[in-house]
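These notes concern the structure reproduced below.
Number of protein chains: 2
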Amino acid sequence: MTQTSFRSGCPINLGLEVFGDKWTLLVIRDIMFAGKRHFREFLASDEGISSNILADRLAMLVSAGILTRAEDPGHKLKAIYSLTQKGIDLLPIIAQISRWSRAYMPVDPALAATGEARDRAGPGAIEAQMEALRAIHLSGDA
Amino acid sequence: MTQTSFRSGCPINLGLEVFGDKWTLLVIRDIMFAGKRHFREFLASDEGISSNILADRLAMLVSAGILTRAEDPGHKLKAIYSLTQKGIDLLPIIAQISRWSRAYMPVDPALAATGEARDRAGPGAIEAQMEALRAIHLSGDA
DNA sequence: ACAAGTGATTGCTTTTTGCAAGCATAAGCG
DNA sequence: CGCTTATGCTTGCAAAAAGCAATCACTTGT
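Listed in order, the protein sequences are those of chains A and B. For the first sequence, the numbering used here assigns the number 741 to the initial residue and increments by one for each residue that follows. For the second sequence, the numbering used here assigns the number 741 to the initial residue and increments by one for each residue that follows.
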């Protein structure tokens, strides 16, 4: 069966079936805002993801079409992960989560700074950041 | 210890620690868009949440200050769940998830209709919907 | 009195996560 | 060459969470 049998066709549910867990969006955050591209970079996140979970999530994100995996030319062991447009389009979701947490959760001021700057810069800032990510990750090299 | 010891102070992470699972936002969706207020209404969702998970999530959402629980006057066994402002402010996140899924996932057209209408209505539609939820859930009765 | 409805709880199996260690290969360096 | 380090994972096992079906104490409605 090539049918993946979702719990329902509701848009909210379908999104949650892809990234509705405690780790997936952190990987996306790291590649988006910290510029991480390699396994061991993701592994060194503040939250301390373990390697088996990371391997699982990276494989899932690749198979979901949110990331692509390529070999580093000239360094055969290095894998380079890149965002697809589908992945870049997760940025508005992440930006909204950031806004909500900055309003209601005890965020670290240093880590909240980039989100605050984005909000201060107005609605075009997200589009600009997505365009920047497109330039880095799409159609070409890193 | 009243300190809940989060994995990190990153806004994205803090949000995920609250609603980063496959069920929590579905409960919020149901109270926001389907007008559900009672345990057995949530239980009857399309995705088939089981009662122990639902009970756990409702209690967590109440203790997180996203929902409040009140007794139905005149029906002592009935509990009424209401959104707080903190809960209503999750709407922009849910709306963005909806947008992403409608772009990339095989959504049910009927279930996608409300999100499409919201997008067509422009940026003020979310604010309007939040105001409507405020009128229903805040400072007063249902 | 009785059946149906209320928000859960309990017991149990299956799945997922978390953690530490290890693995096979490849670069880097003398 | 021979050693250390770096690379992206994999494995084994314990703990936590999810999933499922049955049940509970109590209330309403008839």
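Every residue gets a Cβ at the ideal spot worked out from N, C-alpha and C, and that includes glycine. As the structure is a prediction and not an experimental result, all values here were calculated from the model.
Taking serine 791 of chain A and leucine 798 of chain A to be in contact with their CB atoms under 8 angstroms, please state how far apart those CB atoms are, rounded to whole angstroms.
-> In the first sequence, counting from the first residue as 1, residue 791 of chain A sits at position 51. In the first sequence, counting from the first residue as 1, residue 798 of chain A sits at position 58. That pair is no contact at about 10 angstroms.
From which residue to which residue does the beta strand (DSSP E) around alanine 857 of chain A run?
-> Here residue 857 of chain A refers to the residue found at position 117 of the first sequence. Taken as a continuous stretch (DSSP letters only), alanine 857 of chain A belongs to no beta strand (DSSP E), being part of the alpha helix (DSSP H) at 849 to 860.
Are the C-beta of methionine 870 of chain A and some C-beta of chain B separated by less than 7 angstroms?
-> Against the first sequence, residue 870 of chain A aligns to sequence position 130. It does not: the Cβ of methionine 870 of chain A has no partner Cβ on chain B nearer than 7 angstroms.
Between the beta-carbon of glycine 805 of chain B and the beta-carbon of threonine 824 of chain B, is there less than 7 angstroms?
-> The residue you call residue 805 of chain B lines up with position 65 of the second sequence. The residue you call residue 824 of chain B lines up with position 84 of the second sequence. Contact flag set, yes.
Which listed residue (B:Gly755, B:Lys818 and B:Ala843) has its alpha carbon closest to that of arginine 898 of chain A = Because residue 898 of chain A is not part of the residues shown, which for chain A are 741 to 882, the question remains open.
Since I believe serine 785 of chain A is in contact with leucine 766 of chain A (beta carbons under 8 angstroms), could you give me their beta-carbon distance rounded to a whole number of angstroms?
-> Taking the first sequence and counting its residues from 1, the one referred to as residue 766 of chain A is at position 26. Taking the first sequence and counting its residues from 1, the one referred to as residue 785 of chain A is at position 45. Yes, leucine 766 of chain A and serine 785 of chain A are in contact; Cβ-Cβ is about 6 angstroms, under 8 angstroms.
Would you verify that the beta carbon of isoleucine 771 of chain B is, or is not, closer than 7 angstroms to some beta carbon of chain A?
-> Position 31 of the second sequence, counted from the first residue, corresponds to residue 771 of chain B. Not an interface residue.
Output yes if chain B places a C-beta closer than 7 angstroms to the C-beta of glycine 862 of chain A; else output no.
-> Taking the first residue of the first sequence as position 1, residue 862 of chain A is located at position 122. It does not; no Cβ of chain B falls within 7 angstroms.
Apply the 10 Å Cβ neighbour rule to alanine 868 of chain A and answer buried if 16 or more other Cβ atoms are within range, or exposed otherwise.
-> As a working note, residue 868 of chain A is residue 128 in the first sequence. Alanine 868 of chain A comes out exposed.
Under a three-way DSSP split, which group does aspartate 812 of chain A fall into?
-> As a working mapping, residue 812 of chain A is identified with position 72 in the first sequence. In the structure shown, aspartate 812 of chain A sits in a strand (DSSP, three-state: E or B).
At a Cβ threshold of 7 angstroms, is isoleucine 837 of chain A touching chain B?
-> As a first step, residue 837 of chain A must be located in the first sequence, where it is residue number 97. By this cut-off, isoleucine 837 of chain A is an interface position.
Note down, in chain order, all residues in the stretch 791 to 824 of chain A with a beta-carbon under 7 angstroms from any beta-carbon belonging to chain B.
-> none
Please report the Cβ distance between aspartate 829 of chain B and alanine 843 of chain A, rounded to the nearest whole angstrom; I am assuming they are in contact, meaning their Cβ atoms lie under 8 angstroms.
-> Walking along the second sequence from the start, residue 829 of chain B turns up at place 89. Walking along the first sequence from the start, residue 843 of chain A turns up at place 103. So it is a contact: roughly 7 angstroms between Cβ atoms.
Are any of the Cβ atoms in chain A nearer than 7 angstroms to that of aspartate 859 of chain B?
-> Indexing the second sequence from 1 puts residue 859 of chain B at position 119. Judged by the 7 angstroms Cβ criterion, aspartate 859 of chain B is not in contact with chain A.
Which partner residues does tyrosine 821 of chain A have in the DSSP bridge list?
-> Within the first sequence, residue 821 of chain A is the residue found at index 81, counting from 1. Answer is A:Arg809, bridged to tyrosine 821 of chain A.
Cβ of serine 838 of chain A within 7 angstroms of Cβ of proline 863 of chain B?
-> Walking along the first sequence from the start, residue 838 of chain A turns up at place 98. Walking along the second sequence from the start, residue 863 of chain B turns up at place 123. No, they are not a contact pair.
Look up tryptophan 840 of chain A in the DSSP assignment and say whether it is helix, strand or coil.
-> Here residue 840 of chain A corresponds to residue number 100 of the first sequence, with the count starting at 1. Tryptophan 840 of chain A: helix per DSSP, three-state reduction.
Let me know the secondary structure DSSP gives phenylalanine 797 of chain A once reduced to three states.
-> Here residue 797 of chain A corresponds to residue number 57 of the first sequence, with the count starting at 1. Phenylalanine is not the amino acid found at residue 797 of chain A; the sequence shown has arginine there. Here arginine 797 of chain A sits in helix by DSSP.
To the nearest whole angstrom, what separates the beta carbons of isoleucine 866 of chain B and leucine 831 of chain B, a pair I think is in contact under 8 angstroms?
-> Indexing the second sequence from 1 puts residue 866 of chain B at position 126. Indexing the second sequence from 1 puts residue 831 of chain B at position 91. Right, the Cβ-Cβ distance comes to about 6 angstroms (below 8 angstroms), so this counts as a contact.
Have a look at methionine 845 of chain B and methionine 800 of chain B and give me their C-alpha separation to the nearest angstrom.
-> In the second sequence, residue 845 of chain B corresponds to position 105, counting from 1. In the second sequence, residue 800 of chain B corresponds to position 60, counting from 1. Their Cα atoms are separated by approximately 29 angstroms.
Neighbourhood of leucine 878 of chain A by C-beta distance below 6 angstroms, restricted to the same chain and skipping five residues each side | Walking along the first sequence from the start, residue 878 of chain A turns up at place 138. Result list for leucine 878 of chain A: empty, nothing under 6 angstroms.
List the residues of chain B whose Cβ lies closer than 8 angstroms to the Cβ of glutamate 781 of chain A, in chain order.
-> Taking the first residue of the first sequence as 1, we reach residue 781 of chain A at position 41. The contacting residues do not exist; glutamate 781 of chain A stays about 16 angstroms from chain B at best.
Exposed or buried, leucine 817 of chain A, counting other C-beta atoms within 10 Å across all chains shown (16 or more means buried)?
-> The residue given as residue 817 of chain A occupies position 77 in the first sequence. The residue in question, leucine 817 of chain A, is exposed, as its Cβ has fewer than 16 Cβ neighbours within 10 Å.
So with Cβ pairs under 7 angstroms, would you call glutamate 867 of chain B a contact of chain A?
-> If you number the second sequence from 1, residue 867 of chain B lands on position 127. Judged by the 7 angstroms Cβ criterion, glutamate 867 of chain B is not in contact with chain A.
Going along the stretch 838 to 850 of chain A in order, which residues come within less than 9 angstroms of chain B, judged by CB to CB distance?
-> Ser838, Arg839, Trp840, Ser841, Arg842, Ala843, Tyr844, Met845, Pro846, Val847, Asp848, Pro849 and Ala850
Cβ-Cβ distance between glutamate 787 of chain B and asparagine 753 of chain A below 7 angstroms | Along the second sequence, one-based indexing puts residue 787 of chain B at 47. Along the first sequence, one-based indexing puts residue 753 of chain A at 13. In contact: glutamate 787 of chain B and asparagine 753 of chain A (Cβ atoms closer than 7 angstroms).
So, does the CB of lysine 826 of chain A fall closer than 7 angstroms to a CB anywhere in chain B?
-> By 1-based counting over the first sequence, the position of residue 826 of chain A is 86. Taking Cβ atoms only, chain B reaches closer than 7 angstroms to lysine 826 of chain A, which makes this a yes.
Measure from the alpha carbon of aspartate 859 of chain A to the alpha carbon of each residue in A:Trp840, A:Phe779, A:Thr808 and A:Ala774, then state which is nearest.
-> On the first sequence, residue 859 of chain A is found 119 positions in, with the first residue counted as 1. Per the Cα distances, A:Trp840.
For lysine 762 of chain B, the nearest candidate out of A:Met772, A:Ile771, A:Ser748 and A:Gly775 (CA to CA) = The count along the second sequence starts at 1 and reaches residue 762 of chain B at position 22. If we check each option's Cα against that of lysine 762 of chain B, A:Ser748 comes out closest.
Which residues bound the alpha helix (DSSP H) around aspartate 770 of chain A?
-> Sequence index remark: in the first sequence, residue 770 of chain A carries index 30 (1-based). Start and end: 764 to 773.
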